[in-house]
Every structure is written in structure tokens, then in C-alpha cells.
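Adding 1124 to a residue's 1-based position in the sequence shown gives its number in this note's numbering. Report on the structure given below.
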Amino acid sequence: MTKLVDRMEEISERYRQSIPRLLKQEEEHGKGFYNFDPDQLKAIQSGEAQIPRFTWEHNPRAGRMLLVDSDIHKGAPHVGSIGLFQ
């Protein structure tokens, strides 16, 4: 169980580290690039690891975290990194 908790904490930290890049993309591409609603913007600006109605997906080719719509993510079943430790 400790390995799972440690892994989840590591992943949450990786999400938080992705927030500045996310804000930069939003600034570069203009407001509305992701169509964030007020709750999502609040979560992003406060550095929350989880953004409502979005899921962080690991992109192994780029070595980065990608933010994807949760409904779209559910339509592509796969074993995520947390699933490997359960």
C-alpha cells in the first residue's frame, strides 16, 4: 500500500508541475484554448493537482503530462500508471 500512496503523491506533484506550462499555453493560444470554466480556472490558478472534468494523461513519447477531457479519456480504456501499482 505504501508504494501506491508514494506513487500517487509523485503523480500529483507531476500534475502540479505541469500547471505553469498549461497557463503558458492558454496565454500563447489565447483565452478559450481549453474553454475552461470558472471552477477549472480556479483549480488551475490555485495549483490544484486535479482540474474538474479534465484528466492528466502521461505522454511517454514527449515525457510530459497532457490535459484531456475526462469524457474523452473514459472512451479510450487503458492501464494508466496508477493502475500498474494496484
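In this text, a Cβ means the ideal position worked out from N, Cα and C, and glycines have one as well.
Coil, strand or helix - residue i by DSSP
i	result
arginine 1193	Strictly speaking, residue 1193 in this sequence is aspartate, with arginine absent from that position. It is a strand residue.
arginine 1140	helix
arginine 1145	helix
glutamate 1151	helix
phenylalanine 1209	Per-residue confidence for phenylalanine 1209 stands at a pLDDT of 45, beneath the threshold of 50, marking its modelled position as unreliable; the derived number appears in the next sentence. Correct three-state label for phenylalanine 1209: helix.
Host alpha helix (DSSP H) of residue i (start-end)
i	result
proline 1162	1162–1169
Whole-Å CB distance - residue i paired with residue j, under 8 Å assumed
i	j	result
aspartate 1163	proline 1176	5 Å
asparagine 1183	leucine 1191	Contact flag wrong, Cβ pair sits at about 11 Å.
tyrosine 1158	glutamate 1151	In fact, because the Cβ distance is near 12 Å, the residues do not count as touching under 8 Å.
Cβ-Cβ distance between residue i and residue j below 7 Å
i	j	result
histidine 1197	threonine 1179	yes
arginine 1140	alanine 1173	yes
Where the beta strand (DSSP E) containing residue i begins and where it ends
i	result
glutamate 1172	Counting along the chain, glutamate 1172 falls outside any beta strand (DSSP E), and DSSP gives it neither H nor E.
Closest by C-alpha distance to residue i, when choosing among the options
i	options	result
serine 1142	Ala1200, Glu1181, Asp1195, Gly1199	Glu1181
lysine 1148	Pro1201, Gln1169, Arg1138	Gln1169
aspartate 1161	Glu1137, Arg1138, Asp1193	Asp1193
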